[in-house]
Each structure stands twice: as C-alpha cells, then as structure tokens.
Amino acid sequence: AFISGTASITESQSLHSDDVERQTDQTLDNIVSLIAEENCQSHGLDGFGATLADLAKMRVYLKRAADFQRVREICRRRVGDLPVVYTVADICRPELLVEIEALAYAGRDQRSCR
1 AFISGTASIT ESQSLHSDDV ERQTDQTLDN IVSLIAEENC QSHGLDGFGA
51 TLADLAKMRV YLKRAADFQR VREICRRRVG DLPVVYTVAD ICRPELLVEI
101 EALAYAGRDQ RSCR
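Start counting the sequence shown at 1; every next residue gets the next number (the working numbering).
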C-alpha cells in the first residue's frame with residue numbers, strides 16, 4: 001500500500017501547529033489508522049491491513065532543516081531501522097512542519113511480498 005503525503009491533520013483540521021514532535025507523532029498515528037486492517041475492511045479490502053512494522057520505506061518532508069534531529073529520533077523510536085529518506089521541502093499547509101509518505105506490505109499474504 002502506498003500512503004501518499006500524510007500530515008498532522010484530523011477531520012480537515014491541522015493539529016499541533018509549531019510543534020514538530022507532536023506533528024510527527026500525530027502523522028505516524030494517522031498512517032497507523034490508514035493502513036490498519038479495520039480501515040481496509042471498511043473500504044471493502046478484506047484480508048488487507050498493516051502496522052508500522054509492515055512498512056517497507058518512508059519519505060519524510062520537513063519544512064525546517066533545524067527539525068531534522070528531533071524528527072529522526074521520533075521516526076527511529078516508532079519504526080526502528082526502516083529506510084527513511086528525509087528532505088527539506090514545502091508542506092501541504094503553512095502551519096504544518098512535517099509530512100510523511102510511506103510504502104507498506106498490506107496484502108493478504110504479506111510474507112510472499114518480502
């Protein structure tokens with residue numbers, strides 16, 4: 001499953017303005033919700049679903065280079081040694097500081113994909 005640019009947004013509201021650590025955690029929580037088996041089932045994808053442990057890679061967009069170390073620490077805590085590419089770029093909304101896209105193994109037989 002490809003998770004396109006995801007940020008600290010819930011129900012169209014930006015959360016945790018000016019707090020890159022909370023935004024990073026919220027963004028990862030949003031990814032967890034998106035790839036969860038329950039969410040897949042609710043969209044007719046029975047037998048599909050994943051967790052952060054099933055991620056194959058992530059790309060993290062940072063608005064400010066100065067936030068790199070803090071964001072990297074949070075990502076390492078949450079996803080371990082997963083390959084992550086970090087880049088400084090514009091984010092989808094002016095008040096947001098981080099955006100993440102990811103690729104997850106979310107198929108019926110995930111073992112065959114690895």
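Cβ atoms here follow ideal geometry from the backbone N, Cα and C, with glycine treated the same way.
Requested in this report: Name the two residues that bound the continuous beta strand (DSSP E) containing residue 100.
Outcome: Taking the first residue of the sequence shown as position 1, residue 100 is located at position 100. First-last of the beta strand (DSSP E) with residue 100: 98-104.
Requested in this report: Please state whether DSSP places residue 64 in a helix, a strand or coil.
Outcome: Walking along the sequence shown from the start, residue 64 turns up at place 64. DSSP, read as helix, strand or coil, puts residue 64 in coil.
**Report entry** Runs of beta strand (DSSP E) wholly within the stretch 37-88 (minimum 3 residues, chain order)
**Finding:** Counting only runs of 3 or more, we get 55-62, 84-88.
Query raised in the report: Just to confirm, are residue 35 and residue 106 a CB contact at a threshold of 8 Å?
Result: Counted from its first residue, the sequence shown places residue 35 at position 35. Counted from its first residue, the sequence shown places residue 106 at position 106. In this structure, residue 106 lies closer than 8 Å to residue 35 by Cβ.
Requested in this report: Would you kindly report the start and end of the unbroken beta strand (DSSP E) that includes residue 4?
Outcome: Stepping through the sequence shown from its first residue, residue 4 is reached at position 4. DSSP places residue 4 in the uninterrupted beta strand (DSSP E) bounded by 2-6.
Query - DSSP bridge partner residues for residue 10 (one or two, in chain order) - result: What you label residue 10 is simply residue 10 of the sequence shown in a count that begins at 1. Residue 10 is bridged to 13.
Report task. Leaving aside the five residues before and after residue 95 along the sequence, list all residues of the same chain whose C-beta is less than 7 Å from its C-beta, in chain order. Result -> Taking the sequence shown and counting its residues from 1, the one referred to as residue 95 is at position 95. Contacts found: 14, 17.
Query - Cα-Cα separation, residue 56 to residue 73 - result: Numbered from 1 along the sequence shown, position 56 holds the residue referred to as residue 56. Numbered from 1 along the sequence shown, position 73 holds the residue referred to as residue 73. Residue 56 and residue 73 have their alpha carbons spaced roughly 18 Å apart.
Requested in this report: Could you have a look at residue 107 and say whether DSSP puts it in helix, strand or coil?
Outcome: Position 107 of the sequence shown, counted from the first residue, corresponds to residue 107. For residue 107, the secondary structure class from DSSP, reduced to helix, strand or coil, is coil.
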